[in-house]
Amino acid sequence: MTNDTNRLLVFTIQGIKYALSLRDIAEVLEPPPIYPIPYVPHYFPGIMNFHGKLVPVLDLAGFFNNSQRNLHGHVLALDDGVANLALWVDTIDNIGRSDVIGEEYESDETFVEKVLKMAGGEVKMLSAKKLLDKLEEILSAISPQPLTGKRNVQ
Amino acid sequence: MSKYKELFISESREHLLSMNEMIVLLEKDASDKEKIDSLFRFAHSIKGMAASMEYSDIAELAHKIEDLMDKVRKGGLIFDSGVADLLLEGADILDAMILDVEHDVTGNRDISGLVQKIAGYAPQKLNSTSPTQSLGPAQHPSPTIDDNKEAARRKHSEGRKTVRVKTEILDQLINTTGELITNKHRLMDVGKEVSSVRLNDALKENTKLLRELYNAVINVRMMPFATVSDRFPRMVRDLAKKSGKEVVFTAEGEGIELDRGILEELADPLIHIIRNAVDHGLENNDERLACGKPAKGSIKLSARREKDQLIIVVEDDGKGMDPVKLLSSAVEKGFLEPEKAKELSLREIFQLICMPGFSTARQVTDVSGRGVGMDTVSSTLQSLAGSLAIESEQGRGSRIILKLPLTINIINVLLAKIGRFSVAVPVTNILHTLEFKRSALVDQKIFYMGDEAVPIMSLNQFFDSSVPSSDSEFISIFVSEVKGRKVGIAVDRFLGQQEVFVKPLGRPLARLKGVAGGVILGDGEIVFVLDVANLL
């Protein structure tokens, strides 16, 4: 019997296929209105109202490759048990079943848990945990300007 | 968990809390017959409830405690520190056993030793040392505390007669009320666009009803400060005994009520502060006598309301902090540049103990007389949109002043515009707002409030230096106190004050320093609530 625990959502970022476990995803959305977040890196284009929750959006193209996001892409809101985070991706490919995949191998890419061989080619299975650990590390290290008295009023 | 088991756990814990409190009070004044009766009744209630739930070990231990209290009640035993120690030990074990019940752990405790100790306790002769003289810490009961506590307890127990509500439901109530407030602003925005008299009348009525709902929900969530402070007499007693000091602990304002969310967060910071006061703030008896102080040290905890703020003060009459030693330690440890050290005010110097890692350094602890955890205290206060101030005088003692909002999620904020951002600043973090001509401030780093030079920071540069500021002739500044120092923070303009529902940011954005949450405004815009102290 198949359930959400062994199903994957496959999506593309700049021509490369990635996947996340379907159980980690709450909803797939058209790009919603977003509002700027102060002093975060460019790959956080903003924060959105997701059913009353405040959810920052991470542009995966900007985060992985330092490139511009596809404005016509999609947003994957992660399950709130995983994080308060949504991922901006280029396209949604399909929902696949992990149990039909034959071969898989480990990857040395930081956020890729393993590489799956599927009918349409290789798919990089992302680790939500590694991604979040890294984002938390980055955000914790951002230090608003210390009190120096050197800044003037513009 | 069955509802009976849940009820047993919560009621037993309430009785235990009251027992702890009564034991410490009786240790100060063993003649209070009413308290002796109360203590007997608490043990009796726990015994009865445990027996009906077939928790035989709990029932047995409670029964022995009840027996011991019966002997005291009948005059066969004096309530001395030996009895107090036994009862407190019993209360601790009962607490642990109730925790076992909660976690479905069985047969985990061997109570036979304690049961024998209680049963075989040899009464002291009535003409022996007076119990009030043989005690460790506090010996002078404060009638004010008892009266306030009794009032708070009466009020609390009146509530118990009516209904028990799960805390999750209380949280849900405040969250839904918060969402309604957000939606009210949304409807008001629509009302402005539509300009319908009927709609505006309905909105006004809605606002009134919402205010009533908000007040009712807040009232339901309010709990007396005693809910947290009840544990401190026992804690101070134990710490004082351990450190060989004598401490008079007094508390005021225990009937003051505040949101349970704030109360829950407040317990740990207060434990840190009071523990530090006993361990490090107060001198030992000999040192105190040598410098002309009474042998017993004093720690006073007070709570009071000032408008929509709660002010909590922990004050000791110990040795105080030495600013010179604090400064030299800070420089030596690399927390402060020597030139900067000369510029710090006294309040800023004392705030050094709140720097992460500062107070944990052993040498600093030794010279400053303050222990670990003040950085945690400070950050907890900031996360609650509160603030911390420290005053100290060498040889006279220290005062730690905590300022908190009365509620946690629904607060008043000042909305401000900075470049492309709108931000919300809790009004509890604002001392003043001012407006200056922009030309008057170019290249100016400070302005004066009375005699005090206040540095100016621009939030625009923090947020997005690529976006030019407003070209308005005037610039707006709000003054906050950060780490004991006033700071003027410049924004493009103020948008007005509003009551808002603050939402958490969750993982991973909660790691971002300088923001304490987010708010959805009436037009759907999401703005961040500034955590001013951590922004600078």
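Those protein sequence lines, which keep their order, are chains H and X. For the first sequence, the residue numbers in my numbering are 42 to 195. For the second sequence, the residue numbers in my numbering are 411 to 946. Built from N, CA and C at the ideal position, the CB exists for glycine as well.
| Check | Outcome |
| --- | --- |
| Drop a sphere of 10 angstroms on the beta-carbon of Y146 of chain H, count the other beta-carbons inside from all chains shown, and report buried for 16 or more, exposed for fewer. | exposed |
| Hey, L794 of chain X and I672 of chain X are a contact pair by Cβ (cut 8 Å); roughly how many whole angstroms apart? | 6 Å |
| What does a CB cutoff of less than 6 Å around I446 of chain X pick up in its chain, not counting 5 residues either side in sequence? | V482, R483 |
| Give me the Cβ distance between F450 of chain X and M479 of chain X, rounded to the nearest whole Å; I'm assuming they're in contact under 8 Å. | 4 Å |
| Curious, which full-length alpha helix (DSSP H) runs of at least 4 residues does the segment 483 to 543 of chain X contain? | 491 to 512, 522 to 529 |
| Do I66 of chain H and L112 of chain H have their beta-carbon atoms positioned less than 7 Å apart in this structure? | no |
| Below 8 Å on C-beta distance, what does E935 of chain X contact in chain H? | Y76 |
| Between S181 of chain H and chain A, is there a C-beta pair that is closer than 7 Å? | The question asks about chain A, but that chain is absent: this structure's protein chains are H and X. |
| Let me check understanding here. Comparing Cα to Cα, which of X:Q792, X:G927, X:V897, X:D495 lies closest to L400 of chain X? | The displayed coordinates of chain X run from 411 to 946. Any statement about residue 400 of chain X would go beyond what the structure contains. |
| Judging by CA-CA distance, which residue of H:R110, H:D131, H:L167, H:G162 is the nearest neighbour of E154 of chain H? | H:L167 |
| Could you tell me whether the Cβ of I930 of chain X comes closer than 7 Å to any Cβ of chain H? | yes |
| Using a C-beta to C-beta distance shorter than 8 Å, which residues of chain X count as neighbours of A124 of chain H? | G916, R917, P918 |
| Check whether chain X comes within 7 Å of P86 of chain H, counting only Cβ atoms and requiring the distance to be less than that. | no |
| Measure the beta-carbon distance from G93 of chain H to P77 of chain H and round it to whole angstroms, keeping in mind my assumption that it falls under 8 Å. | So it is not a contact: roughly 20 Å between Cβ atoms. |
| Near G569 of chain X, what residues of its chain come up, given a Cβ to Cβ distance below 7 Å and the 5 sequence neighbours on each side ignored? | With a pLDDT of 45 at G569 of chain X, under the threshold of 50, the modelled position of this residue cannot be trusted, and the question is left open. |
| Based on the DSSP secondary-structure assignment, which residues constitute the bridge partners of P97 of chain H? | H:I88 |
| Near G588 of chain X, what residues of its chain come up, given a Cβ to Cβ distance below 6 Å and the 5 sequence neighbours on each side ignored? | N819, I820, F911 |
| Please look up how many angstroms separate the CB atoms of F873 of chain X and S886 of chain X, rounded, as I've assumed it's under 8 Å. | The pair is not a contact, with the Cβ atoms about 15 Å apart (cut-off 8 Å). |
| Would you tell me roughly how many angstroms separate the C-alpha atoms of K58 of chain H and R917 of chain X, rounded to the nearest one? | 25 Å |
| Let's see if you can read the secondary structure: which residues bound the beta strand (DSSP E) around L889 of chain X? | In the sequence as displayed, the identity of residue 889 of chain X is Val instead of Leu. Unbroken beta strand (DSSP E) run through V889 of chain X: 884 to 892. |
| Determine the direct distance from the alpha carbon of E437 of chain X to that of G500 of chain X, and round the result to whole angstroms. | 16 Å |
| Look at the Cβ atom of E697 of chain X, then the Cβ atom of G728 of chain X, and state whether they are nearer than 7 Å. | no |
| Closer than 7 Å, CB to CB, is K415 of chain X near chain H or not? | no |
| Here's a check: name, in chain order, each residue in its chain whose Cβ is nearer than 6 Å to the Cβ of K165 of chain H, leaving out the five neighbours to either side. | Y59, V153, V156 |
| Is the Cβ-Cβ distance between L101 of chain H and V123 of chain H less than 7 Å? | no |
| When you compare only the Cα positions, how much space is there between E762 of chain X and I683 of chain X? | In the sequence as presented, Glu is not what sits at residue 762 of chain X; that position holds Leu. Each residue's Cα considered, the two are about 15 Å apart. |
| Can you pull the chain X residues whose beta carbon is under 8 Å from the beta carbon of S184 of chain H, in chain order? | K923 |
| Do we get a CB-CB distance below 7 Å when we pair P541 of chain X with the residues of chain H? | Reliability fails at P541 of chain X, whose pLDDT of 39 lies under 50, so the model's placement of it is uncertain and the value that follows must be treated cautiously. It does not; no Cβ of chain H falls within 7 Å. |
| What does a CB cutoff of less than 7 Å around S653 of chain X pick up in its chain, not counting 5 residues either side in sequence? | V688, D689 |
| Nearer than 6 Å: is that true of the beta carbon of Q582 of chain X relative to any heavy atom of the ligand ATP? | What this structure holds is no ligand at all, so the ligand ATP is not there to describe. |
| Please list the residues of the segment 819 to 835 of chain X that have a C-beta atom closer than 7 Å to any C-beta atom in chain H, keeping them in chain order. | R830, F831 |
| Do K474 of chain X and V525 of chain X count as a contact pair if the criterion is CB distance below 7 Å? | yes |
| Residues of chain X with CB under 7 Å from G93 of chain H, in chain order? | E589 |
| So G665 of chain X packs on P634 of chain X, CB below 8 Å; how close in whole Å? | 6 Å |
| Looking at R48 of chain H: is its Cβ nearer than 7 Å to the Cβ of I136 of chain H? | yes |
| Would you report the Cα separation of R519 of chain X and I508 of chain X, rounded to the nearest angstrom? | 11 Å |
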